[in-house]
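*Asks:*
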Amino acid sequence: MTQAEIENTIEEGSLVSLHFSLKLVSGETIDSNYEGPAASFRLGDGSMLAGFEDALIGLKPGSELAVTLAPAEAFGEKNPKNKQSFPIAKFQHLFED
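Pasting the structure below:
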């Protein structure tokens, strides 16, 4: 057993289940799973941002944490070239009964 397993803390390779809220700097919540099941992932499998995973290492079950990531640690700096426009008609089928 590893020291983290003995202490029941999160380490690389741990299966992690958590509820989260993703907020902008303005405080606006843009994603949350508190109304549903917890998200689960294996720490280090590449499915989460490295900076977020790093913040989880050493936590124990039931811990609460707020993590602030700089753009470079998250999805990158704002880039107007990444902005795309689509005609509304392309999404019409999503709103039909």
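First residue of the sequence shown? That's 3 in the numbering used here, and the numbers climb one at a time after it. Glycine included, C-beta positions come from ideal geometry on N, C-alpha and C. Since the model is a prediction, treat every value here as computed from it, not as a measurement.
Would the beta-carbon of Leu45 fall within 7 Å of that of Val18?
*Replies:* For Leu45 and Val18, yes; Cβs fall inside 7 Å.
*Asks:* Counting only the same chain and skipping the five closest in sequence on each side, list residues whose C-beta sits under 8 Å from that of Leu71.
*Replies:* Answer for Leu71: Leu51, Gly53, Phe54, listed in chain order.
*Asks:* So if DSSP puts Val18 in a beta bridge, which residue, or which two residues, is it bridged to?
*Replies:* Answer is Phe43.
*Asks:* Under the DSSP definition of a beta bridge, which residues are partnered with Lys92?
*Replies:* The partner list for Lys92 (beta bridge, DSSP) is empty, contrary to what the question assumes.
*Asks:* Relative to the C-alpha of Gly15, which residue among Asp33, Leu58, Ser28, Glu37 is closest?
*Replies:* Nearest C-alpha to Gly15: Leu58.
*Asks:* Using DSSP's beta-bridge definition, name the partner residues of Thr139.
*Replies:* Outside the displayed range of the chain (3 to 99) lies residue 139, so it cannot be described from this structure.
*Asks:* Measure the CB-CB distance between Thr11 and Lys80 and report whether it falls below 7 Å.
*Replies:* Against a cut-off of 7 Å, the Cβ pair of Lys80 and Thr11 comes out as no contact.
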